[in-house]
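**Q** Following this message is one structure expressed as structure tokens.
Put into structure tokens, the structure is as follows:
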């Protein structure tokens, strides 16, 4: 069995991109810009594939500047709707030809790319979720820590095991409820939706969740880059309530003490961003402190990574 990981190693495994500046200075990445704003970073290999796909159209979706190592939408894609329609057709064609491996995991879910001042919601384009890694766009999600509190004050946490049929990280441990914010939904809408779908948690209980701030990290995988912001919530569940999966994304739930959760955390059994969410919980609730963790400052810096990409102005309405 491998040695347990330190908390710093756990968060660095997720926040694993050294800096945006290093990527921009590299020959391996192109700037994805809309209206002069940096909205994503794309590998040179993916750019080559994108250029080939665009060259097959009489009206290319993107314009590429190889000298500046940047690309943007062609002039005919001048607003949110035209960009979204054009990129949807292009990605559908690329999916058919198997141009990007990520498109084999097509989700039929659209992620917003922000940075458009002329749009009421600030959205510049909507892009299929499966392609978000390739475009290196900033994504957003919600994570809910489902906990119980005994009369003596002991806190336990509900932990989900991701279904083996999940397209990403099958079989890994997860929050009781978590999900990306897509299709134009708001933060609270996403919390209520994910609570119902993933944990069978009724709305009247989900509405009692308290907002715990957010975590940010810049990670990468074999599919590409993912700068991500996660809104974090704590939900105290009633005694006797047992979550149950309703959408096939969870195989089972466990109710563990925080010591048991930390043990599984250090054995690298959690999906990386879910591990970061738990570290954030331990910090906010005084379990991880400067007195008991020598890497405390570096840990906090790694779970609140600044991201130089446009973000929405979210109203946290219930």
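Numbering (my numbering), first residue to last: 3 to 320.
All C-beta atoms, glycine included, are put in the ideal place defined by N, C-alpha and C.
Please classify residue 114: is it buried, with 16 or more other beta-carbons within 10 angstroms of its beta-carbon, or exposed?
**A** So residue 114 ends up on the buried side.
**Q** The beta strand (DSSP E) that contains residue 174, what's its start and end?
**A** Segment: none, residue 174 is in no beta strand (DSSP E) and carries neither H nor E.
**Q** Between residue 199 and residue 179, what straight-line distance do the alpha-carbon atoms span, to the nearest angstrom?
**A** Distance between the alpha carbons of residue 199 and residue 179 is about 9 angstroms.
**Q** Considering only C-alpha positions, which residue in the set 193, 231, 272, 21 is nearest to residue 315?
**A** Residue 231 is the option with its Cα nearest to residue 315.
**Q** Nearest-angstrom Cα distance between residue 71 and residue 51?
**A** Going from the Cα of residue 71 to the Cα of residue 51 covers about 15 angstroms.
**Q** Please name the residue in 283, 150, 181 whose C-alpha comes closest to that of residue 142.
**A** Per the Cα distances, 181.
**Q** Just reading off the alpha helix (DSSP H) that residue 134 is part of, what are its end residues?
**A** That run of the alpha helix (DSSP H) goes 134–137.
**Q** Taking only runs of the beta strand (DSSP E) that begin and end inside the stretch 91–157, which ones reach a length of at least 3 residues, in chain order?
**A** Listed in chain order, the complete beta strand (DSSP E) runs (minimum 3 residues) inside the stretch 91–157 are 112–116, 125–130, 141–151.
**Q** Could you work out which residue in 92, 167, 41 is closest to residue 60 when comparing CA atoms only?
**A** Checking every option, the nearest Cα to that of residue 60 belongs to 92.
**Q** Is any heavy atom of the ligand FMN found at a distance shorter than 7 angstroms from the C-beta of residue 182?
**A** Ligands in the displayed structure: none, and consequently the ligand FMN is not present.
**Q** What three-state label does DSSP hand residue 212 in the structure shown?
**A** Residue 212 falls in the strand class under three-state DSSP.
**Q** Could you please give me the residues that DSSP links to residue 168 through a beta bridge?
**A** None; residue 168 has no bridge partner.
**Q** Please state whether the Cβ-Cβ distance between residue 311 and residue 7 is less than 8 angstroms.
**A** Against a cut-off of 8 angstroms, the Cβ pair of residue 7 and residue 311 comes out as no contact.
**Q** Measuring straight from C-alpha to C-alpha, what distance separates residue 107 and residue 153?
**A** Rounded to whole angstroms, residue 107 to residue 153 spans 45 angstroms at the Cα level.
**Q** In three-state DSSP terms, what is residue 61?
**A** If DSSP states are grouped into helix, strand and coil, residue 61 belongs with coil.
**Q** Quick one: grab the DSSP three-state call for residue 198.
**A** It is helical.
**Q** With a CB to CB cut of under 7 angstroms and the five nearest residues on each side skipped, what residues in its chain are close to residue 105?
**A** Contacts found: 93, 96, 97, 132, 133.
**Q** Distance, Cα to Cα, residue 111 vs residue 83?
**A** Cα to Cα, the separation comes out at about 16 angstroms.
**Q** Among 80, 69, 243, which has the Cα closest to the Cα of residue 63?
**A** Considering only alpha carbons, the answer is 80.
**Q** Using the Cβ count rule (16 or more neighbours within 10 Å means buried), how would you classify residue 245?
**A** Under this definition residue 245 is a buried residue.
**Q** When we look at the beta-carbon of residue 78 and count the other beta-carbons within 10 Å, is it buried (16 or more) or exposed?
**A** Classification for residue 78: exposed.
**Q** Which residues does DSSP list as the beta-bridge partners of residue 234?
**A** BP columns for residue 234 point to 145.
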